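The block underneath contains the structure these notes are about, expressed in structure tokens.
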Amino acid sequence: MKKEGKSDVSRPYKLAHQTLCIRAINLEKKSLIGYVELLIHPLRHDLKRVKINSKQCRIYHVSINDQHEAKFLYNDPTLEICQGDAKQRNLDYFQHCHFSAMSAVDPDNGNGEITVRLPPEMYMHIAELRPFRVCIEFSLENPKGGLHFVIPDIQGSVHEKAPHAFTGGLNNCSRLWFPCLDTYSEPCTWKIEVTVDNELTAVTCGDLIEVISTSDKKRKTFHYFLSVPTSAPNIGMAVGPFEIHVDPNMHEVTHFCLPHLSEILKYTTNYIHKAFEFYEELLSSRYPYSCYKHVFVDEAYEESTSYATLSILSTNLLHSNRIIDQTVTTRNILAEAIAKQFFGTFIAMQTWSDAWLPLGISGYLGGLFIKKTFGNNEYRFRISNHLKDVQEYENRVGGIVLDPTKRDSNHHFSIKSPHTVSPRYMEAFRSKSLLVIRMLEQRIGEQLLIQVFNKLVALASTGASQKFGANAWGNLLLSTSSFLKIISTVTGKDITPFLDLWVSQSGCARFFGNFVFNRKRNVVELELKQDLGAKGSIKYVGPLTVTIQELDGSFNHNFKIEENKTKFDITCHSKCRRNKKKKIPLMTGEEVDMDLSAMDADSPVLWLRVDPDMSLLSHVTWEQPDYMWQYQLRYERDIVAQREAIRALENYPTAGTRRALTDILEDDHCFYRIRMEAAYCLAKVANSMVGVWAGPPAMMTIFRKMFGSHSCPAIIRQNNFSNLQHYFLLKTIPNAMAMLRNIHTICPPEVFKFIMELFKYNDNSRNKFSDNYYRAALVEAVAKTVTPAITLMTTPGQGPTADNLSMETKQILEEITRYLNLEKLLPCYRHTVTVSCLSAIRTLQKFGHLPSEVEFFKSYARHGVFRDIRLAAIDAIVDFIKTESRPEDMYWILSLVETDPDLYIRHYALQQLVLNPPFRRLEASALHTEGLVERLWKMMKTFFRNMVVLNLKDKRNRMNPAFVPDEMEEMFDDEDEELAEDDNSQMDTETDIDVTNIGGEDSSLKRKSPPCSDPSVVMSLGSVPETCPEGIFNEDSTSQSKKLKLKMPSEPPVETSQVSELPSVAPGTQEVTVPKTPITPSSATSAYAAEFLKFVGVKQEPPAPESQMSITMDTSSRLSEGSSSPTNTPRPSESGAPLSFAGLLPSSASATDLSSATDSKAHKAKKKKKKNKHKHKHKHKHDRPDKDPLERIREGSQNNSSENSPSVQHSTLSSPEYEI
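So that you can map any letter, position 666 of the sequence shown is 756 in our numbering, and since no number is skipped, the others follow by simple counting.
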């Protein structure tokens, strides 16, 4: 829906259709080549420039209507966030620079990285407001984001290795892999063509029209068409040797997975048709597209990413019918992915400030599916978790503003751009969006809210079927103002105050309350206070519901909160009675027998709750006697109330609390998650009552009663997980018991013996379900029994050995070693047991039972090991860095962040360093060094950018192409004068031209930029990065840079390329001369077409030597079916031999030193180049043979589109999704 009263005047044109053609993709080289064609309708008669988003791509040629070549300017401020050696190195300064850089290329502000100047021949065409086509030829190699390549480091065929590529990332990242208008506000129809090798399958958005194979059957082209207008951020793609499964219950749905996973794919997706039926029935509307595709890939950054007609999901979501725990998680994720097809891709946000609407609505619809599938208790439990997450985030970190147009937040990052927000903020943002939509449901009613959604889908469906027009597709965009108008139309209610409070502001209402019963007046005197001084708090004015459970029933009371401190008198409906037992009616209508002997004889109040329906974003700290919490836990049927009671009873370690928790734990009618929380609470209460506790350890009798053999309760029965409640308790109770401590603050020996016997008697031979999660829980339990070692040092400098370990520690190590060795022979689902073993080993190290050695974990953290194992190893390494403070380990984890192929691993390692920092501010630490500051600052501002800096013509200053001087922009606008100069005065002279100086402007008008802080990345004028696709440029084995010169003759030129080595030029410098006269579109296109065939047809050459700045890491061959198969993964290569627990004492290794070039070397090279400038010109001016375009390409002439193609390959740009 279009925002009322807001017209998009910043972009003087509209996009009607876009063609994306991937003409070749090479998985081994992580590269692709293709073109895009945008059909643009001008809105102004004087349109002269078109701005397009593109990062990382090398642009070869831009043409208009296939007839006229267009000049263009590339300007990306994100190549270096903070220019030069900034003296300010703090988050505020970085945030300011980061937000300014992102705003400079924000398409919603009419900006873009590429500015295309329309040729004068198009002026009359545009003056008539006739549409025109912009064709951009591009290539992409080694992208750092947007498109991820998974190339297993193993031998075998394509089917065995399963290399594949897929799109992924956060919002507005389509620009990272193809030129587009990367904004949600420009929907258009799409035609997509992808050409791949014959054994591969290309999956993208839209309907598959046809698949055309070449005559030699080596390649095939997939033709897709998307008739529903869709914005560029909702376009995705996946290419790989996928196995295809058409859903037998819905033929419109197709599932794709990597080889050997089709069986578990069928089971995982066998319920998808039920989700479609649920949403279509709920919204009274058909699925908006004609097809839907699931693609399961390896190394996915997020578990689910939604595009139009397409969802790309992690392979780790797949599971067989023997897995219990993953089933609930996977079904929730897949169901919400379908909901995002309605609200998220079909109906998208208008701008970033409206993102809360599709996120919240899709999350709300997914929650309704959870309620239908898994029950109301599971639904309310999840809502309670979301509410707790939002409360804690706003209290500890900062506010969450859903609509940031009116105000910003108090974070160190800007929330006004999707590229600057923290991923942790986005998680809390999604939770708050869902909660606000649910709160709106309680304001206007569920039926009316569903009618609003139905109205939105109906209007969007009508708009999508219309032909292109100025506002024809406006109903496909959802904004806060249009949502407000639709609600007013459907319900007749004005929710503006609601949105102002919860959408335009941040914070939660924080209440403190208590009450007393006045017997004489028979009233409850209630007092509520708001804590406005706490971080993340907000002053709430509005209605509030209080529920009182009395002897005669449950009664709701609604109050108006107007002040910070409010008192209410609530008249009770019941009279106090002296009888001890009575049937009490509950809110559900059920009547239960209660033992009233514990309550106050003068009060009819059993318990009291504030905001029971979670209709506010609030945190309530409530005071009432312990017996009321016990009654609430036992008899309240709402699981949220039971959770509140369990948390409160942790502070009341009494016999009554013990009995209440025990009763809940034994009650089979109680929700299993409440019983699990009661087990942990009982362990804490038992530890507080250790001096007066009588009988066997807590929960041991309960466990043996539930799971022990009938003839010998001390021996557990064979596993039978058919009762899912008992299965989850079987995992939870041992973990809770492991937290018990005796009066000496160590685990009771009988508890330790009990847990070790569970290892011994575990028998899963007759169980139809896998016990991998149960065995992992046992390892976690035995690790929780470990307490700090009292004395281990027998002689100075001697650590623990196998001889001086305690008997308990030896038993733990033996079980861990046995499980690790078993995992290498028979790996379990997702290696859950290995993950628990690594965590247990780190616990033993931390408590002094094992020497603190980190090399063991580094072997598990390297690339090629299953992701979950790597995450567990990274957790251990980060914890090790915090306790040991060794710089080499800190630099090792930073090298992992810089070089690891798995983007999620990079982000996770940084996130763990933030959540578990190795040192605090102003704390003395061996890690707190200036070198670490320099490295972190460099990573922040330049790590993901392209490491290329161009020299100015005068050779005295360096200019980053990210920053274009204002004078250059002005001259770029002054087209008529420039054209006259080009036509009348072309001289046969050689001139060095800055590639950012598209029109040949006088470089004396350029604004100086700060020098680059890294001299090792300075390249010559027009230098060609070494990362360009093979076959497009020649590359000498010793080449470090290539120099481009542009010749502007008055006659048709002879284009040549020649490599020379002169003393005045750095070794390996290549000088290329290309004509000033533009190549005709036909010739450029033919050369480009010939090149892409050569680009994908050549065999992979041995990799060139790495530069000094590169960092390499050893990677093991992937586990069998790698991360692509969570059910069958062999051991990592470093652990081929069986382990012994003595082998868990690894030796240390030294860290790798890095070196870089110095400023003096770069300066000398520059001076030599300037000194011998004339010699270069003379050598390139004579005796150069004529060559055809394809031969020129083969010899390194990259400039197919003359001076219009900037020789800057921004393949390592700043990528916001990796920000902490």
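For each residue, glycine too, the CB sits at the ideal point set by N, CA and C.
Keep in mind it's a predicted model, so treat the numbers as computed, not measured.
Nonlocal neighbours in the same chain, by C-beta distance under 6 Å from arginine 223, ignoring five residues either side:
Counted from its first residue, the sequence shown places residue 223 at position 133. So the list reads Glu127, Leu129, Asn155, once near-sequence residues are dropped.
Between threonine 747 and glutamine 720, how many whole angstroms is the CB-CB distance? I'm expecting something under 8 Å.
Taking the sequence shown and counting its residues from 1, the one referred to as residue 747 is at position 657. Taking the sequence shown and counting its residues from 1, the one referred to as residue 720 is at position 630. Between glutamine 720 and threonine 747 the Cβ distance is about 7 Å, and since that is below 8 Å, they are a contact.
Touch check for the stretch 350 to 362 and the stretch 269 to 282: three-plus C-beta pairs under 8 Å?
Flag = no, the stretch 350 to 362 and the stretch 269 to 282 do not touch.
If we ignore side chains and look at the alpha-carbon of each, how far apart do serine 1214 and alanine 867 end up?
In the sequence shown, residue 1214 corresponds to position 1124, counting from 1. In the sequence shown, residue 867 corresponds to position 777, counting from 1. At serine 1214 the pLDDT is 36, less than 50, meaning the model places this residue with poor confidence and gives no usable figure here.
Below 8 Å on the Cβ atoms is my guess for isoleucine 437 versus leucine 566; work out the distance and round it to an integer in Å.
The residue labelled residue 437 in the question sits at position 347 within the sequence shown. The residue labelled residue 566 in the question sits at position 476 within the sequence shown. Yes, isoleucine 437 and leucine 566 are in contact; Cβ-Cβ is about 6 Å, under 8 Å.
State the Cα-Cα distance for the pair serine 555 and leucine 407, rounded to the nearest angstrom.
Counted from its first residue, the sequence shown places residue 555 at position 465. Counted from its first residue, the sequence shown places residue 407 at position 317. In a straight line, the C-alpha of serine 555 is about 35 Å away from that of leucine 407.
For valine 1023, count neighbouring Cβ atoms within 10 angstroms of its own Cβ and tell me buried if that reaches 16, exposed if not.
On the sequence shown, residue 1023 is found 933 positions in, with the first residue counted as 1. Taking all protein chains shown into account, valine 1023 has fewer than 16 neighbouring C-beta atoms within 10 Å of its C-beta and is therefore exposed.
Locate the alpha helix (DSSP H) running through valine 872, then write down its first and last residues.
Within the sequence shown, numbered from 1, the residue matching residue 872 stands at position 782. Here the alpha helix (DSSP H) through valine 872 covers 862 to 874.
Where do the ends of the alpha helix (DSSP H) carrying lysine 430 lie?
As a first step, residue 430 is located in the sequence shown; it is residue number 340 there, counting from the start. If you look at lysine 430, you'll find it in the alpha helix (DSSP H) that goes 415 to 432.
On the CB-based measure, 16 or more other CB atoms within 10 Å of its CB, does serine 499 come out buried or exposed?
On the sequence shown, position 409 is the one that residue 499 refers to. It is buried - the Cβ of serine 499 has at least 16 other Cβ atoms within 10 Å.
Glutamine 639 versus leucine 589: straight-line alpha-carbon distance, rounded
For this step, residue 639 is matched to residue 549 along the sequence shown. For this step, residue 589 is matched to residue 499 along the sequence shown. Their backbone Cα atoms lie some 33 Å apart in a straight line.
Backbone CA spacing between histidine 1018 and arginine 996 [nearest angstrom]
Within the sequence shown, the letter at position 928 stands for residue 1018. Within the sequence shown, the letter at position 906 stands for residue 996. So the two alpha carbons sit approximately 22 Å from each other.
For valine 631 and arginine 865, what's the separation of their Cα atoms in angstroms?
Sequence index remark: in the sequence shown, residue 631 carries index 541 (1-based). Sequence index remark: in the sequence shown, residue 865 carries index 775 (1-based). Approximately 51 Å between the Cα atoms of the pair.
Alpha carbon to alpha carbon, how far is glycine 258 from glutamate 943? Give it in angstroms, no decimals.
Taking the first residue of the sequence shown as 1, we reach residue 943 at position 853. Taking the first residue of the sequence shown as 1, we reach residue 258 at position 168. Answer to the nearest angstrom: the Cα atoms are 36 Å apart.
Quick one: residues in its chain with C-beta nearer than 6 Å to the C-beta of phenylalanine 761, no 5 flanking neighbours on either side, listed in chain order?
As a working note, residue 761 is residue 671 in the sequence shown. Around phenylalanine 761: Asn467, Ile729.
Option nearest tyrosine 469 by Cα separation, candidates Asn894, Glu756, Arg763, Pro694:
Here the question's residue 469 lines up with position 379 in the sequence shown. Its Cα nearest to that of tyrosine 469, the residue Arg763 stands out among Asn894, Glu756, Arg763, Pro694.
Which residues in the same chain have their Cβ closer than 8 Å to the Cβ of glutamine 815, if we skip the five residues on either side of it in sequence?
The sequence position of residue 815 within the sequence shown is 725, counting from 1. Excluding sequence neighbours, glutamine 815 sits near Asp758, Tyr762, Arg765.
Identify the continuous alpha helix (DSSP H) that holds cysteine 771 and give its terminal residues.
Here residue 771 corresponds to residue number 681 of the sequence shown, with the count starting at 1. Segment 762 to 778, the alpha helix (DSSP H) holding cysteine 771.
Based on the DSSP secondary-structure assignment, which residues constitute the bridge partners of leucine 403?
For the purposes of this step, residue 403 is taken as residue 313 along the sequence shown, with counting starting at 1. DSSP, once it has assigned bridges, lists Phe386, Ser394 as partnering leucine 403.
Only counting the same chain, and skipping five residues up and downstream in sequence, which positions put a Cβ closer than 6 Å to that of isoleucine 299?
Here the question's residue 299 lines up with position 209 in the sequence shown. Answer for isoleucine 299: His313, Phe315, listed in chain order.
Have a look at Met827, Trp446, Lys972, Val318 and flag the residue whose alpha-carbon is nearest the alpha-carbon of asparagine 80.
What is shown of the chain runs 91 to 1310, which leaves residue 80 out entirely.
Spatial neighbours of threonine 417 in its chain, beta-carbon cut-off 7 Å, leaving aside the 5 residues before and after:
On the sequence shown, position 327 is the one that residue 417 refers to. So the list reads His409, once near-sequence residues are dropped.
Since aspartate 159 sits in a beta bridge, which residues does DSSP pair it with?
If you number the sequence shown from 1, residue 159 lands on position 69. Per the sequence presented here, residue 159 reads as glutamate, with aspartate not at that position. DSSP lists Ser153 as the beta-bridge partner residues of glutamate 159.
DSSP three-state assignment for glycine 296, whether helix, strand or coil:
The residue you call residue 296 lines up with position 206 of the sequence shown. In the structure shown, glycine 296 sits in coil (DSSP, three-state: anything other than H, G, I, E or B).
For tyrosine 377, which of helix, strand or coil comes out of DSSP?
If you number the sequence shown from 1, residue 377 lands on position 287. Assignment of tyrosine 377 by DSSP, reduced to helix, strand and coil, places it in the coil class.
Which whole-angstrom value is the C-beta distance of alanine 805 and tyrosine 851, which I expect to be below 8 Å?
Residue 805 sits at position 715 when you count from the first residue of the sequence shown. Residue 851 sits at position 761 when you count from the first residue of the sequence shown. Reading off the sequence shown, one finds isoleucine at residue 805, where the question assumed alanine. That pair is a contact at about 5 Å.
Buried or exposed, going by whether 16 or more other CB atoms sit within 10 Å of the CB of glutamine 935?
Here the question's residue 935 lines up with position 845 in the sequence shown. Looking at its Cβ environment, which holds 16 or more other Cβ atoms inside 10 Å, glutamine 935 is buried.
Got a sec, what are the start and stop residues for the beta strand (DSSP E) glutamine 620 sits in?
Here the question's residue 620 lines up with position 530 in the sequence shown. Boundaries of the beta strand (DSSP E) around glutamine 620: 613 to 620.
Proximity winner among Thr285, Cys147, Cys927, Gln620, relative to valine 872 (alpha-carbon distances):
For this step, residue 872 is matched to residue 782 along the sequence shown. Looking from the CA of valine 872, the closest CA among Thr285, Cys147, Cys927, Gln620 belongs to Cys927.
If cysteine 662 sits next to valine 613, beta carbons under 8 Å apart, how far is it from one beta carbon to the other, in whole angstroms?
Position 572 of the sequence shown, counted from the start, is the residue given in the question as residue 662. Position 523 of the sequence shown, counted from the start, is the residue given in the question as residue 613. Contact flag correct, Cβ pair sits at about 7 Å.
Quick one: grab the DSSP three-state call for aspartate 136.
Taking the first residue of the sequence shown as position 1, residue 136 is located at position 46. The three-state secondary structure of aspartate 136, taken from DSSP, is coil.
Range of the contiguous alpha helix (DSSP H) that encloses glutamate 840:
Your numbering for residue 840 matches position 750 in the sequence shown. 839 to 851 is the extent of the alpha helix (DSSP H) around glutamate 840.
Closest by C-alpha distance to threonine 420, when choosing among Ile354, Glu370, Tyr379, Ser380
By one-based count along the sequence shown, residue 420 stands at place 330. Ranking Ile354, Glu370, Tyr379, Ser380 by CA distance to the CA of threonine 420 puts Ile354 first.
Do you know how far the Cα of cysteine 347 is from the Cα of valine 526?
Looking up residue 526 in the sequence shown gives position 436. Looking up residue 347 in the sequence shown gives position 257. Rounded to the nearest angstrom, the gap between the Cα atoms of valine 526 and cysteine 347 is 36 Å.
Looking only at its own chain, which residues have a Cβ that is under 8 Å from the Cβ of alanine 160, when we skip the five neighbours before and after it?
Counting from one through the sequence shown, the residue named residue 160 turns up at place 70. Around alanine 160, the same chain offers Val152, Ser153, Ile154, Val206, Arg207, Leu208, Pro209, Val224, Asn1294 as residues with beta carbons nearer than 8 Å, after the five sequence neighbours per side are excluded.
Could you tell me whether the Cβ atoms of isoleucine 732 and leucine 723 are closer together than 8 Å?
Counted from its first residue, the sequence shown places residue 732 at position 642. Counted from its first residue, the sequence shown places residue 723 at position 633. Note that residue 732 is glutamine in the sequence shown here, rather than isoleucine. Against a cut-off of 8 Å, the Cβ pair of leucine 723 and glutamine 732 comes out as a contact.
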